[in-house]
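Structure record follows, encoded as structure tokens.
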Amino acid sequence: MGERSAFQYCTWCFAEIPLDATVCPDCGTNLDDYARHTPYPDRLIHALHHPLSETRMGAIIALGKRADPLTIGALTDCALDNRGDVIEGLEILHSLAQMPQTPTLVKALQRLAQEHPAHAVRVRASDLLAARANPPSP
Ligand SMILES: [Zn+2]
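Residue numbers (our numbering): 291 to 428.
Quick look at the structure:
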């Protein structure tokens, strides 16, 4: 293991900043103020752009649990922005599957079924679309 200085990521611009910083030297964001004054769903959506996939995954899972249809677009963009990450693409589909059925959701699933480069993600998106087109009878 090489020597590595401790740092944290700025919650706004994601610059690597000292662990004890309270204000980001890069963008000037006050980290406490950001955490305190930014609504949780907005922070989750912003975290979809985080450089660490673990942090993105945490946000993806939390957004799935919230099942807010207004976050469908951000999740879909995240899958296509990180198209090399199959696990992340599948987790995003899992979160989208929690969302209520809206035309936006159908469009998002169609987009992933057509545009995502990973076969596994395209197949899963198609399966979700088919399941929603033909819901199992009770
Ligand atoms: Zn910053």
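Beta carbons are placed, not taken as given, at the ideal position from N, Cα and C, and that holds for glycine.
Other residues of its chain near residue i: CB distance less than 7 Å, five sequence neighbours each side excluded
i, result
"Arg401", "Thr366"
"Leu370", "Glu405, His406"
"Gly354", "His384, Ser385, Gln388"
Other residues of its chain near residue i: CB distance less than 6 Å, five sequence neighbours each side excluded
i, result
"Met291", "Caution applies to Met291, whose pLDDT of 43 falls short of 50 and renders its modelled position unreliable; the value that the coordinates give is listed next. Counting only Cβ-Cβ distances below 6 Å, and skipping sequence neighbours, we find nothing."
"Ile350", "Glu381, Ile382, Ser385"
"Leu395", "Ile362, Met389"
Closer than 7 Å: residue i CB and nearest ligand 1 heavy atom
i, result
"Cys317", "yes"
"Cys300", "yes"
"Ala305", "yes"
"Cys314", "yes"
Beta bridge counterpart(s) of residue i as assigned by DSSP
i, result
"Val313", "Asn320"
"Ile307", "Gln298"
8 Å CB neighbourhood of residue i in its chain, flanking five on each side removed
i, result
"Ala423", "none"
"Glu293", "Here the model assigns Glu293 a pLDDT of 49, short of 50, so the residue's position is not dependable and the matter cannot be decided."
Run of the alpha helix (DSSP H) containing residue i, from where it starts to where it stops
i, result
"Arg422", "409-423"
Is the region 331-349 close to the region 309-316, with three or more CB pairs under 8 Å? Not touching, per the Cβ criterion.
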